[in-house]
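Q: Protein chains in written order, with full-length UniProt numbering: chain A, 1 to 331; chain B, 1 to 331.
For reference, the structure I am asking about is given below.
Protein chains: 2
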Amino acid sequence: MAGVSQTTVSLVLNKRGDADVRIAPETRERVLQAIRETGYVADPAARRLAYGRNRILGVFTYEAVFPAESADFYHPFLVGIEECAQEIGCDLLLFTSAKAASGARRRIFNEESRVRLADGCVLLGRTVDREDLARLLAEGIPFVSVGRRDDAGGPVPYVGADYPPAVLALVERAVALGHRRLGYVGAGTGGESMADRLRGFHEGVAATGADGRHFTPDVPLGDVVASGVTAVFVEEYADCVAIATAAAERGVHVPHDLSILTLGALTRPVQVDTDFTGFRIPRREMGRRAVQLLAEILETGGTPQELLPCELVDGTTLAPAPNLTGDLPRG
Amino acid sequence: MAGVSQTTVSLVLNKRGDADVRIAPETRERVLQAIRETGYVADPAARRLAYGRNRILGVFTYEAVFPAESADFYHPFLVGIEECAQEIGCDLLLFTSAKAASGARRRIFNEESRVRLADGCVLLGRTVDREDLARLLAEGIPFVSVGRRDDAGGPVPYVGADYPPAVLALVERAVALGHRRLGYVGAGTGGESMADRLRGFHEGVAATGADGRHFTPDVPLGDVVASGVTAVFVEEYADCVAIATAAAERGVHVPHDLSILTLGALTRPVQVDTDFTGFRIPRREMGRRAVQLLAEILETGGTPQELLPCELVDGTTLAPAPNLTGDLPRG
DNA sequence: TTCCTGAAGTAATTCGCATTAGCACCTTGA
DNA sequence: TCAAGGTGCTAATGCGAATTACTTCAGGAA
């Protein structure tokens, strides 16, 4: 001890220069000196218990954070999350202990949920269990979802990517290049982000007066092409590659006969050599922003909802529509 | 409440069937029912405070865990760490708050160290501050280093890669293929792992009676080749690529004129298309094992030190030594 | 009836810190 | 000289669980 009480040490540590609490500079220095010598650090657990905060942000993912595959869905988000966490001086807690019940996905609330250990948490995943969301909301646990989420017993705080305008812009581009028959390839369901893309497509079609068709991913490329579609908007990145390959196999030239536009969803790892036209999801920025918003929530409360714009990328797979003498592509 | 005391709940939660503590099955069931209904979970912070453990393992890295570059030094280790943490039901705490003092690396013990929040921690990095190690040791904080570390005021618990035998085996292979003049390219210092590689090289040279030379990475390739060396053992992976490129530029054919063997260090991101012969560092396994050992330390104490074997990989850059009519390579 | 021995559960204490109330001392001003 | 007000610090309390030490009760033996 430096000859003072535990209280004094606490006050010095927390830099309290408040109105009603004063510490003589000399005393403060004495305490700091002792701290320096002993290398004392306050126990974060006790701190949390007493104060209610511990500068730890949880990160919940429904699958492993560090996947064995190199094509890594979470990684870009995590880069942003880590950057921002470092800036605001928070540690990151990965809920790796949340085991999945045989075969199922992880759940946030299992028998021994650890979420409360963190001040708040960031949810990462293509989809999030509505039950989990509802419970998070109900228990008043501060959190931010990365990716837009529909209400779940109340508004859900999120940072999402703004798909509809991006898809719409892409549709307009295609139409400006003469495309009249457009195809959307993808489920268009299975999460808000997929639905948003499809919605953007429909909006674009409506706005431009083009002919828009929706193909599920399992429709053979032949059928898609035979339908007279000259530009396809592909939800899933891996499907872009599949379509490009299939097109090459049957002599359909990309982009002269068929334009391919990617809508950026990356759920399956894939090797890419083509430079697809489409848009980029601002994953890193979303990660950063999620942490910022979480910090705000912790500070002042609220239920922020934000959509970040997607960045259009010029690739090599969009070309003017083929000259339509007939309804069939050449070759 | 379910009509019982806090103590009873605690006892039920912790499944205490101990000798001197009994709970009537009926009471137990009543408590469990209440827990189920309210969805109660024990506050981990309080738990840690009272019990001393909270099933959180810290992961300390000297740089960002999620680097922007895709070539990612930490990633394979983290895959293993996460796998094992999940198996033993622990969460992972990333010390992202450990800011570096302007320009310098992060330090484990900064003004407000958070290490104590975790039960123990895994240290990741090519090198680790000896001061940090010493302090960790002195304060009795359980930890395991990924990568062999020399003593720092006491033995350091680690899981390392066993470089010397791997390099030695590689040297023997080269010698078996007729190589007599071998070159080691790399600093051979800057961390235990580098020193171990160089040591293995020297051992190999001594064991086979070959002629071994040591070149620092900045020696021009011309000088290396001119020295009559027919096989180079390259510490740093990026240097392999650089050497292969330089060789191609001056008409030195790999592997006919010059064999290149990689010793697996990956400190700089690099694009690779060559399939280098050499060995693979068992990064993922090291991560797994580190967590296992940490769990053991937490359980029973001790200072485990382990070296995992490197796996030799056959690539395309090792060939029989060129026919030495003169001392100079063809071309 | 009294004493004793489990069985079942509870009050009280502890962990390390933040916070609140309050105490002792020192200036002032009247 | 005494009250009023300010200064600098400390005793006491609370956070939410784990743990220890103790109480109550029932049944059996003496």
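Ideal Cβ placement from N, Cα and C applies to all residues, glycine included.
With H, G and I counted as helix, E and B as strand and the rest as coil, what does DSSP make of C240 (chain A)?
A: Start at 1 with the first residue of the first sequence, and residue 240 (chain A) comes out as number 240. The answer is helix: DSSP assigns C240 (chain A) an H, G or I state.
Q: What does DSSP give as the partner residue(s) for F276 (chain A) in the beta ladder?
A: Position 276 of the first sequence, counted from the first residue, corresponds to residue 276 (chain A). Residue pairing by DSSP leaves F276 (chain A) without any beta bridge partner.
Q: Using the three-state DSSP reduction, which class does I56 (chain A) fall into: helix, strand or coil?
A: Numbered from 1 along the first sequence, position 56 holds the residue referred to as residue 56 (chain A). Looking at I56 (chain A) - three-state DSSP - the assignment turns out to be strand.
Q: Am I right that V229 (chain A) and L182 (chain A) are in contact with their C-beta atoms under 8 Å? What's the rounded C-beta distance?
A: Residue 229 (chain A) sits at position 229 when you count from the first residue of the first sequence. Residue 182 (chain A) sits at position 182 when you count from the first residue of the first sequence. Confirmed, Cβ separation roughly 6 Å.
Q: Whose Cβ in chain B lies nearer than 9 Å to the Cβ of L94 (chain A)?
A: Working through the first sequence from its first residue, we reach residue 94 (chain A) at position 94. The contacting residues are V59, E82, A85, D91, L92, L93 and L94.
Q: For C90 (chain B), list the residues DSSP reports as bridge partners.
A: For the purposes of this step, residue 90 (chain B) is taken as the residue at position 90 of the second sequence. DSSP, once it has assigned bridges, lists no residue as partnering C90 (chain B).
Q: Taking the Cβ atom as the reference point for each residue, do Y237 (chain A) and T277 (chain A) lie within a distance shorter than 7 Å?
A: In the first sequence, the residue the question calls residue 237 (chain A) occupies position 237. In the first sequence, the residue the question calls residue 277 (chain A) occupies position 277. Their beta carbons are not under 7 Å apart, which means Y237 (chain A) does not touch T277 (chain A) by this criterion.
Q: Less than 7 Å between the C-beta atoms of L168 (chain A) and G204 (chain A), yes or no?
A: Reading the first sequence from its first residue, position 168 is the one you call residue 168 (chain A). Reading the first sequence from its first residue, position 204 is the one you call residue 204 (chain A). Yes.
Q: Who does D150 (chain A) pair with in a DSSP beta bridge?
A: Within the first sequence, residue 150 (chain A) is the residue found at index 150, counting from 1. D150 (chain A) is not bridged to any residue.
Q: Would you call E82 (chain A) buried or exposed, if buried means 16 or more other Cβ atoms sit within 10 Å of its Cβ?
A: Locating residue 82 (chain A) in the first sequence gives position 82, counting from the first residue. E82 (chain A) comes out buried.
Q: Write down every uninterrupted run of the beta strand (DSSP E) in the segment 166-214 of chain A whose length is 3 residues or greater and which is fully enclosed by it, in chain order.
A: 181-185
Q: How many angstroms separate the CA atom of A206 (chain B) from the CA atom of V175 (chain B)?
A: As a position in the second sequence, residue 206 (chain B) is number 206, starting the count at 1. As a position in the second sequence, residue 175 (chain B) is number 175, starting the count at 1. Near 12 Å, if we compare the C-alpha coordinates of V175 (chain B) and A206 (chain B).
Q: Can you name the residues of chain A whose CB is closer than 9 Å to the CB of L11 (chain B)?
A: Walking along the second sequence from the start, residue 11 (chain B) turns up at place 11. By Cβ distance, chain A contributes nothing, its closest Cβ being about 16 Å from L11 (chain B), past 9 Å.
Q: Thinking just about the alpha-carbon of each residue, which of A:P309, A:T317, A:P142 and A:S145 is nearest to the one in P164 (chain A)?
A: Here residue 164 (chain A) corresponds to residue number 164 of the first sequence, with the count starting at 1. Ranking the options by Cα distance to P164 (chain A), first place goes to A:P309.
Q: Could you check whether the Cβ of S259 (chain B) sits closer than 7 Å to any Cβ belonging to chain A?
A: Along the second sequence, one-based indexing puts residue 259 (chain B) at 259. Taking CB atoms only, S259 (chain B) has no neighbour in chain A less than 7 Å away.
Q: Using only alpha-carbon positions, find the residue among A:A152, A:F143 and A:A118 that is nearest to E131 (chain A).
A: Taking the first residue of the first sequence as position 1, residue 131 (chain A) is located at position 131. Ranking A:A152, A:F143 and A:A118 by Cα distance to E131 (chain A) puts A:A152 first.
Q: So L117 (chain A) contacts chain B; which residues on that side make the cut at Cβ distance below 7 Å?
A: The residue you call residue 117 (chain A) lines up with position 117 of the first sequence. Per Cβ cutoff of 7 Å: P44 and A45.
Q: Helix or strand or just coil, what does DSSP make of V122 (chain A)?
A: Your numbering for residue 122 (chain A) matches position 122 in the first sequence. The answer is strand: DSSP assigns V122 (chain A) an E or B state.
Q: Which value, in whole angstroms, describes the spacing of the CA atoms of F95 (chain A) and G58 (chain B)?
A: By one-based count along the first sequence, residue 95 (chain A) stands at place 95. By one-based count along the second sequence, residue 58 (chain B) stands at place 58. Taking the straight line joining both Cα atoms gives about 12 Å.
Q: Work out the CA separation of V185 (chain B) and L258 (chain B) for me, nearest whole Å.
A: As a position in the second sequence, residue 258 (chain B) is number 258, starting the count at 1. As a position in the second sequence, residue 185 (chain B) is number 185, starting the count at 1. Distance between the alpha carbons of L258 (chain B) and V185 (chain B): 13 Å.
Q: Using the Cα positions of P76 (chain A) and L124 (chain A), report the straight-line distance between them to the nearest angstrom.
A: In the first sequence, the residue the question calls residue 76 (chain A) occupies position 76. In the first sequence, the residue the question calls residue 124 (chain A) occupies position 124. Going by the C-alpha atoms only, they are around 11 Å apart.
Q: Quick one: which chain A residues come within Cβ less than 8 Å of R48 (chain B)?
A: Locating residue 48 (chain B) in the second sequence gives position 48, counting from the first residue. Within 8 Å Cβ-Cβ: A45.
Q: Is the number of C-beta pairs between the segment 288-299 of chain A and the segment 137-151 of chain A that are closer than 8 Å three or more?
A: The answer is yes - the segment 137-151 of chain A touches the segment 288-299 of chain A, with three or more Cβ pairs under 8 Å.
Q: Taking C-beta to C-beta, are R149 (chain B) and V156 (chain B) nearer than 7 Å?
A: Here residue 149 (chain B) corresponds to residue number 149 of the second sequence, with the count starting at 1. Here residue 156 (chain B) corresponds to residue number 156 of the second sequence, with the count starting at 1. Yes, these two residues count as a Cβ contact at 7 Å.
Q: Measure the C-alpha to C-alpha separation of G39 (chain B) and D211 (chain A) and round it to an integer number of angstroms.
A: For the purposes of this step, residue 39 (chain B) is taken as the residue at position 39 of the second sequence. For the purposes of this step, residue 211 (chain A) is taken as the residue at position 211 of the first sequence. Cα to Cα, the separation comes out at about 51 Å.
Q: So E311 (chain A) and F279 (chain A) are in contact, right, with Cβ under 8 Å, and what is the actual spacing, rounded?
A: What you label residue 311 (chain A) is simply residue 311 of the first sequence in a count that begins at 1. What you label residue 279 (chain A) is simply residue 279 of the first sequence in a count that begins at 1. With a Cβ gap of about 6 Å, E311 (chain A) and F279 (chain A) count as contacting.
Q: Could you give the distance in angstroms between the alpha-carbon of T317 (chain B) and the alpha-carbon of D218 (chain B)?
A: Position 317 of the second sequence, counted from the start, is the residue given in the question as residue 317 (chain B). Position 218 of the second sequence, counted from the start, is the residue given in the question as residue 218 (chain B). Using only the alpha carbons, I get a separation of about 21 Å.
Q: Below 8 Å on the Cβ atoms is my guess for A247 (chain B) versus L221 (chain B); work out the distance and round it to an integer in Å.
A: Translated into positions along the second sequence, residue 247 (chain B) becomes position 247. Translated into positions along the second sequence, residue 221 (chain B) becomes position 221. A247 (chain B) to L221 (chain B), Cβ: 7 Å. Contact.
Q: Which ranges would you report for the alpha helix (DSSP H) in the UniProt domain "HTH lacI-type" (1-51) of chain A if only whole runs of at least 4 residues count?
A: The UniProt domain "HTH lacI-type" (1-51) of chain A contains these whole alpha helix (DSSP H) runs: 6-13, 25-38 and 44-51.
Q: Using a cut-off of 7 Å between C-beta atoms, extract the partners of R55 (chain A) located in chain B.
A: Translated into the one-based positions of the first sequence, residue 55 (chain A) becomes position 55. What R55 (chain A) touches in chain B: S97.
Q: By the DSSP assignment, the beta strand (DSSP E) with T262 (chain B) in it spans what residues?
A: Here residue 262 (chain B) refers to the residue found at position 262 when the second sequence is read from its first residue. Here the beta strand (DSSP E) through T262 (chain B) covers S259 to A265.
Q: Please decide whether F279 (chain B) counts as near chain A, where near means a Cβ-Cβ distance under 7 Å.
A: Reading the second sequence from its first residue, position 279 is the one you call residue 279 (chain B). Closer than 7 Å: no.
Q: Taking a cut of 7 Å between CB atoms, which residues from the segment 298-312 of chain B lie near chain A?
A: none
Q: Identify whether G326 (chain A) lies in helix, strand or coil by the three-state DSSP scheme.
A: Here residue 326 (chain A) corresponds to residue number 326 of the first sequence, with the count starting at 1. Its pLDDT being 44, under 50, G326 (chain A) is placed unreliably by the model, and nothing is read from it.
Q: Determine whether the Cβ of F66 (chain B) lies closer than 7 Å to any Cβ atom of chain A.
A: For the purposes of this step, residue 66 (chain B) is identified with residue 66 of the second sequence, where counting begins at 1. Taking Cβ atoms only, chain A reaches closer than 7 Å to F66 (chain B), which makes this a yes.
Q: Could you tell me whether the segment 264-276 of chain A touches the segment 115-122 of chain A, using the rule of 3 or more Cβ pairs below 8 Å?
A: Taking a cut-off of 8 Å on C-beta distances, the segment 264-276 of chain A does not touch the segment 115-122 of chain A, as fewer than three cross pairs fall below it.
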